[in-house]
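One structure is given here, and the rest of the page talks about it.
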Amino acid sequence: MSPTNSPLARQWWVFPLAAATVIFLVTALPRYVGLDPSQSLSPADRGPAFYPALVTHIFFGSVMLSCGVLQLWPWLRANHPRMHRWTGRTYVATAIPTGVAALVTSQFPAAGPSQQVGNTFLAGLFLVFTLLGFRAVRQRRFADHREWMYRSYALAFSIIANRFWGAVMIILFVPEVLTGADIGTEDPTLASAAAASAWVSWVVNLLIAEWIIHRTPRRRRTDQASASRRVERQTPVSSSSGISTVPPSKATS
929 MSPTNSPLAR
939 QWWVFPLAAA
949 TVIFLVTALP
959 RYVGLDPSQS
969 LSPADRGPAF
979 YPALVTHIFF
989 GSVMLSCGVL
999 QLWPWLRANH
1009 PRMHRWTGRT
1019 YVATAIPTGV
1029 AALVTSQFPA
1039 AGPSQQVGNT
1049 FLAGLFLVFT
1059 LLGFRAVRQR
1069 RFADHREWMY
1079 RSYALAFSII
1089 ANRFWGAVMI
1099 ILFVPEVLTG
1109 ADIGTEDPTL
1119 ASAAAASAWV
1129 SWVVNLLIAE
1139 WIIHRTPRRR
1149 RTDQASASRR
1159 VERQTPVSSS
1169 SGISTVPPSK
1179 ATS
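What follows is the structure, encoded as structure tokens:
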């Protein structure tokens, strides 16, 4: 098999996602480990509920983003289905508090009502998509599960995409920053840029997810789900816990 035809080479897109996630976590997470509000990237003086919700969102969200990359990796899903299941359970378990905390922080916008509405929609849709994906896999509707989880991860990744779109929107709305102009944080144009970024960062991601989902004919997606189901059946699970009861090698003997 040539290197360009290997599964890892065909799945090259996983590695930029993983790299972006690692860079984001390494640069953002340390500011919150000490639980010092003065180190927060977002002003923490927005009410007593804001900073605890923000820290909850960041800590659980860090685990969720890490698991999300592994969930998307086809090689891991095909070759290590047990790990795929456990990272999936961890993703859902951490997504719930992440989304609920995001609903709280969204009510304390730094850039006005537009940002508040955008982030609230983001958090609400993220929770809905994640729960629909979890319900689908529990019902063994694997094609539907995969589609919902693509949408869920697209919204989860918006926090990383927002770093890119935030810079783009500032350049578009406040080009004076490129000439070194002194723009105060209270400038309404900066608020407009932040509000626009709050929308664009998740809407564009969701459009990309829909394109990925619908570029493959539904019949082929169903066939892929059937193949995944066959892999799942190689490892019997208990009806009560969903945890494997025997190794895969013994299950196929």
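First residue of the sequence shown? That's 929 in the numbering used here, and the numbers climb one at a time after it.
Yeah, the Cβ is synthetic: ideal placement off N, Cα and C, and Gly gets one too.
Quantities reported herein were computed from a predicted structural model and do not represent experimental measurements.
In this structure V950 does not touch L1000 by the C-beta definition: roughly 15 Å separates them, more than the 8 Å allowed. Taking 8 Å as the cut-off, the Cβ atoms of F1057 and S1080 count as close. Non-local beta-carbon contacts of M992 in its own chain, meaning distances under 7 Å to residues more than five positions away in sequence, involve Y1019, T1022, A1023, T1026 and A1084 in chain order. Closest in alpha carbon position to P965, among Y979, V1102 and L953, is Y979. A1123 is positioned such that its CB atom lies closer than 8 Å to that of A1039. DSSP places V1032 within a helical segment (H, G or I) once states are collapsed to three.
Considering only Q939, A948 and A1030, the residue with the shortest C-alpha distance to F1049 is A1030.
Distance from the CA atom of I1098 to the CA atom of L1055, rounded to whole angstroms, is 29 Å. Residue I986 holds the alpha-carbon nearest to the alpha-carbon of L957 among S970, W1139, W940 and I986.
Residues A1038 of the same chain have their beta carbon placed closer than 8 Å to that of P971, with the five preceding and five following residues left out of the count. Collapsing the DSSP output to three states places G975 in coil. Taking R1063 as reference, the option from G1016, P1041, Q1035 and G1094 with the minimal CA-CA separation is G1016. In this chain, the alpha helix (DSSP H) harbouring S1125 covers P1116 to R1143.
Of the residues assessed, V997 falls on the buried side of the cut-off, its CB having 16 or more other CB atoms within 10 angstroms. In the structure shown, S968 falls within a coil segment according to DSSP collapsed to helix, strand and coil. One thing to note: G1046 has its Cβ within 8 Å of the Cβ of W1127. L945 has its alpha-carbon roughly 19 Å from the corresponding atom of A1006. By the CB criterion at 8 Å, T1033 and A981 fall inside the cutoff. Under the 10 Å beta carbon count, Q1043 is surrounded by 16 or more other beta carbons and is classified as buried.
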